[in-house]
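Undergrad:
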Amino acid sequence: MAGPHRRGGSATSGPAQPAPAVRAGDRPAQTPTRQARPGPPAGTSHPRTAHRVQPGAPQHPDHRGPLQPHHAGSPQPRRERNTITTSLQEDLAFFKRIAIVGVGLIGGSLGLALKRLAHPARLVGVSRPETIAQALELGVIDEGWDYPDLAKALEGADLVVLCTPIQRILSLLEEVGRCAAPGALITDVGSTKRRIVAQAAAQLRPDLHFVGGHPMAGSEKAGVSAADPFLFQNAIYILVPGTAVPAPLYGALVQLLKEVGAKVLELDAETHDEVVAAISHLPQMIATSLVEMVGRLHEEKGYFLTLAAGGFRDLTRIASSPYAPVWEDICRTNEDQIGRMIDQYIAVLQDVRGRIADPSLGQDFAFANHTRNRIPRDAKGFIHTLFEILVVAEDKPGIIGQIAQALAHEKININDIEVMKVREGEGGTLRLGFDSEPAADHALAVLAGLGYQARRR
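First residue of the sequence shown? That's 4 in this note's numbering, and the numbers climb one at a time after it.
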């Protein structure tokens, strides 16, 4: 491009409330006992202790230590719409020009979230020309550049956020290291961290500061058209700071992320890649392999997919994820940790295989049930959770329209709907999914008022 694409005003709306930092490792006093099973295969690493970030007073990585997080029940200051408090303006004084490199779902959502807060910084986007045009039209950014003009886009940028797929982040680091303004803070949103952190340390100039980042939020949709100003609300946002990041600069980044609604958690790169291999990458491999297995059985014998109920669809939902570029990059940059988790899971399955008819298997069910109930319900993960209800209704023409119309009248949006043809253990005719717990509870109340039998799933 000969020059930047620009826009005039910015679209804003009310601010999001800051979210608390995450308390890592809380455990109940007692957990169900279970039969000992084989340990992980040789070479499998063990979890490490996570560092916690204290809202408002983050520590420099050279001065780590357990910090007291803000409690979720603490009152939050009330703010007027489209304003940022004076203290926050002071906290964010470092960031007068923010460059978002890769204006897709994550980068676009960050831009919209900052616009919603009326953040004072000028937002500069770097993406393909057609994406920049769309981002300007949507009010995501104030100015846009094509990738060949990255150096111009980074001129004077205090904060550079790399929001591209992992391999492109790695390929951009060298140029960012040459072109970024002195003293700039560089961060990324890559799903794996060791390769990115190591390469940033090797390729960025000494006068630049790097903090690895990973927002654990996502959507089934991609691109700037799917950008959501609320994407980061209640989402855990992992930070992996470098060893020489000034504490005030790091603190300003933490505060910015809290302002868009994220819960900040600090980890080292090794721990991050191990944990996400277990809770995200292994489940993807399991879901993909399970659907492939059942699909091939169906092709050979029939009936398998015909009888696949809602539970199977829920378990394998993430199998719909495309391989490239996201999962291709994840597998290439976290191959060793994913392999270790697969080996450990195989050992667990082999143990279960030997005890299928043994009453001791009940201990596994009890432990799994208890453990799953400890997963926080108010925190978003990689795929946004739907809050579901099951409705018992007569199978007749117009019943779905009647229910949908009743909920629409109350301004309740249905995010997913399924007619439960096969519903072993479900006890419902319709499954309705909502994007928040209050919406699901409101729908229950509306349906109960109309005489429908409904319950939370």
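We treat Cβ as the ideally placed atom computed from N, Cα and C, and that holds for glycine.
Fair warning: this is a prediction, and the values are worked out from it, not measured in the lab.
Suppose contacts are defined by Cβ-Cβ distances below 7 Å. Is Ile333 in contact with Ser194 by that definition?
TA: Looking up residue 333 in the sequence shown gives position 330. Looking up residue 194 in the sequence shown gives position 191. A contact, by the Cβ cut-off of 7 Å.
Undergrad: Gln456 to Ala183, Cα distance in whole Å?
TA: Walking along the sequence shown from the start, residue 456 turns up at place 453. Walking along the sequence shown from the start, residue 183 turns up at place 180. So the two alpha carbons sit approximately 60 Å from each other.
Undergrad: Flag this pair as yes or no: are the beta carbons of Ile239 and Leu268 separated by less than 7 Å?
TA: Against the sequence shown, residue 239 aligns to sequence position 236. Against the sequence shown, residue 268 aligns to sequence position 265. Yes; because the gap between Cβ atoms is below 7 Å, this pair is in contact.
Undergrad: Would you list the residues sitting across from Lys266 in a DSSP beta bridge?
TA: Residue numbering aside, residue 266 sits at position 263 when the sequence shown is read from its first letter. Per DSSP, the beta bridge partners of Lys266 are Ile239.
Undergrad: Rounded to the nearest angstrom, how far is the Cβ of Leu176 from that of Leu256, given a contact under 8 Å?
TA: Position 173 of the sequence shown, counted from the first residue, corresponds to residue 176. Position 253 of the sequence shown, counted from the first residue, corresponds to residue 256. 18 Å between Cβ atoms; not a contact.
Undergrad: Tell me Asp191's beta-bridge partners as DSSP assigns them.
TA: What you label residue 191 is simply residue 188 of the sequence shown in a count that begins at 1. DSSP lists Leu165 as partners of Asp191.
Undergrad: What does a CB cutoff of less than 7 Å around Gly186 pick up in its chain, not counting 5 residues either side in sequence?
TA: As a first step, residue 186 must be located in the sequence shown, where it is residue number 183. Once the five neighbours on either side are set aside, the close Cβ partners of Gly186 are Asp210.
Undergrad: In three-state DSSP terms, what is Thr319?
TA: As a first step, residue 319 must be located in the sequence shown, where it is residue number 316. It is coil, neither helix nor strand.
Undergrad: From Thr190 to Val179, what does the alpha carbon distance come to, in whole angstroms?
TA: On the sequence shown, position 187 is the one that residue 190 refers to. On the sequence shown, position 176 is the one that residue 179 refers to. About 11 Å.
Undergrad: Classify Thr462: buried if its beta carbon has 16 or more other beta carbons within 10 angstroms, exposed otherwise.
TA: The structure shown does not extend to residue 462, since the chain spans only 4 to 460, so no value can be given for it.
Undergrad: Using three-state DSSP, classify His217 as helix, strand or coil.
TA: As a position in the sequence shown, residue 217 is number 214, starting the count at 1. Strand at His217.
Undergrad: Quick one: measure Cβ to Cβ for Arg125 and Asp145, integer angstroms, because I've assumed they're closer than 8 Å.
TA: In the sequence shown, the residue the question calls residue 125 occupies position 122. In the sequence shown, the residue the question calls residue 145 occupies position 142. So it is a contact: roughly 5 Å between Cβ atoms.
Undergrad: By the 10 Å Cβ neighbour count, where 16 or more other Cβ atoms means buried, how is Gln287 classified, buried or exposed?
TA: In the sequence shown, counting from the first residue as 1, residue 287 sits at position 284. Of the other Cβ atoms in all chains shown, 16 or more fall within 10 Å of the Cβ of Gln287; this residue is therefore buried.
Undergrad: Can you name, in chain order, every residue of its own chain whose Cβ lies under 6 Å from the Cβ of Ile461, other than the five neighbours on each side?
TA: Outside the shown range of the chain, which is 4 to 460, sits residue 461, and nothing can be said about it.
Undergrad: Tell me, please, which residues DSSP counts as bridged to His212.
TA: Locating residue 212 in the sequence shown gives position 209, where the first residue counts as 1. DSSP lists Leu188 as partners of His212.
Undergrad: For Pro286, decide whether its Cβ has a neighbour in chain D, counting only Cβ atoms nearer than 7 Å.
TA: Within the model displayed, chain D is absent; a lone protein chain is all it includes.
Undergrad: I'd like the ranges of any alpha helix (DSSP H) spanning at least 4 consecutive residues and lying wholly in the region 266-301.
TA: 272-279
Undergrad: How is Gly454 classed by DSSP in three states: helix, strand or coil?
TA: Start at 1 with the first residue of the sequence shown, and residue 454 comes out as number 451. The answer is coil: DSSP assigns Gly454 none of H, G, I, E or B.
Undergrad: For Val248, which three-state DSSP category applies?
TA: By 1-based counting over the sequence shown, the position of residue 248 is 245. It is coil, neither helix nor strand.
Undergrad: By Cβ distance, which residues of its chain are closer than 8 Å to Lys155, with the 5 residues on each side in sequence left out?
TA: Reading the sequence shown from its first residue, position 152 is the one you call residue 155. Same-chain partners within the cutoff: Pro7 and Trp148.
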